[in-house]
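>
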Amino acid sequence: GINAEYGGIDKEVRIDKELEPGTRLTVRMSPDEESTGKHYKGVAVSPDTPRTELGTYWGYRVRLAESFSTVFTECSYKDGYDLTIGTSDKGDLVEKTTFRHFRHVIIFLGGLQGLEPVIEADESLQEADPRTMFDYYLNTCPNQGSRTIRTEEALLITLASLRQKIEENGLRD
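Residue numbers for the sequence shown follow the working numbering, so the first one is 499 and each next one is one higher.
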């Protein structure tokens with residue numbers, strides 16, 4: 499069947515699959531001459547397609563894990579994460595840190611009480627000190643001016659503060 503989806507542009511996009519409402523997808527848009535007056539045409543593709551075919555950044559991935567340790571044991575990368583970053587107001591300054599080269603990075607953001615409760619709640623771990631759990635334990639928002647930062651704010655601040663170091667040291671396939 500054909501399905502019309504909202505694509506964040508001035509017209510709906512007709513794609514080659516029927517999807518449940520609210521499903522996030524990546525669409526390869528057809529050339530303009532194939533689109534009708536009311537709709538654009540496109541084909542649903544893997545979310546990795548823009549990155550693998552064009553080298554274009556296509557967002558970060560979020561996944562749920564049962565515990566801190568399962569983040570690593572259930573990693574989808576064959577060789578796991580080769581760079582781990584924990585964030586905390588108790589961490590080192592980003593500006594004073596030099597990253598090593600890596601292929602797959604994972605960044606941990608703490609909740610209201612930080613990363614400590616998450617690590618302490620994992621019964622399979624013998625160590626509970628966040629500084630020893632990560633390659634880098636960083637303060638991505640020094641002098642924050644409040645006791646806590648909302649996760650959605652911390653995520654953007656962290657990605658912005660780490661961007662240059664990630665771009666300089668991340669190895670591409």
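In this text, a Cβ means the ideal position worked out from N, Cα and C, and glycines have one as well.
#1: When we look at the beta-carbon of S586 and count the other beta-carbons within 10 Å, is it buried (16 or more) or exposed?
#2: Do P640 and L591 have their C-beta atoms closer together than 8 Å?
#3: Quick check: what's the CA-CA separation for K594 versus K663?
#4: Considering only the alpha carbon of each residue, which of D627, K515, Y555 lies closest to E665?
#5: Taking the CB atoms as reference points, tell me whether V525 and A542 lie closer together than 8 Å.
#6: Taking the alpha-carbon positions, what's the Y634 to L562 distance?
#7: Express the C-alpha separation of S528 and G668 in angstroms, rounding to a whole number.
#8: For V560, count the other beta carbons within 10 Å of its own beta carbon; 16 or more makes it buried, fewer makes it exposed. Which is it?
#9: Residues in its own chain within less than 6 Å of I604 by CB, not counting five upstream and five downstream?
#10: Who are the near neighbours of L610 in its chain, counting only those whose CB is closer than 7 Å to its CB and skipping five residues on each side?
#11: What is the DSSP secondary structure of S622, reduced to helix, strand or coil?
#12: With DSSP run on the structure shown, which of helix, strand or coil describes L669?
#13: Cβ of G584 within 8 Å of Cβ of F606?
#14: Which residue from V616, G608, Y558 puts its Cα closest to that of L636?
#15: Do K515 and K536 come within 8 Å of each other at the CB atom, strictly closer than that value?
#16: Using the Cα positions of F597 and Y538, report the straight-line distance between them to the nearest angstrom.
#17: Let me check understanding here. Comparing Cα to Cα, which of L657, M631, L660 lies closest to D566?
According to the structure shown:
#1: buried
#2: yes
#3: 11 Å
#4: Y555
#5: yes
#6: 22 Å
#7: 32 Å
#8: exposed
#9: Y579, T582
#10: T646
#11: coil
#12: coil
#13: yes
#14: G608
#15: no
#16: 43 Å
#17: Per the sequence presented here, residue 566 reads as Phe, with Asp not at that position. Answer by Cα proximity: M631.
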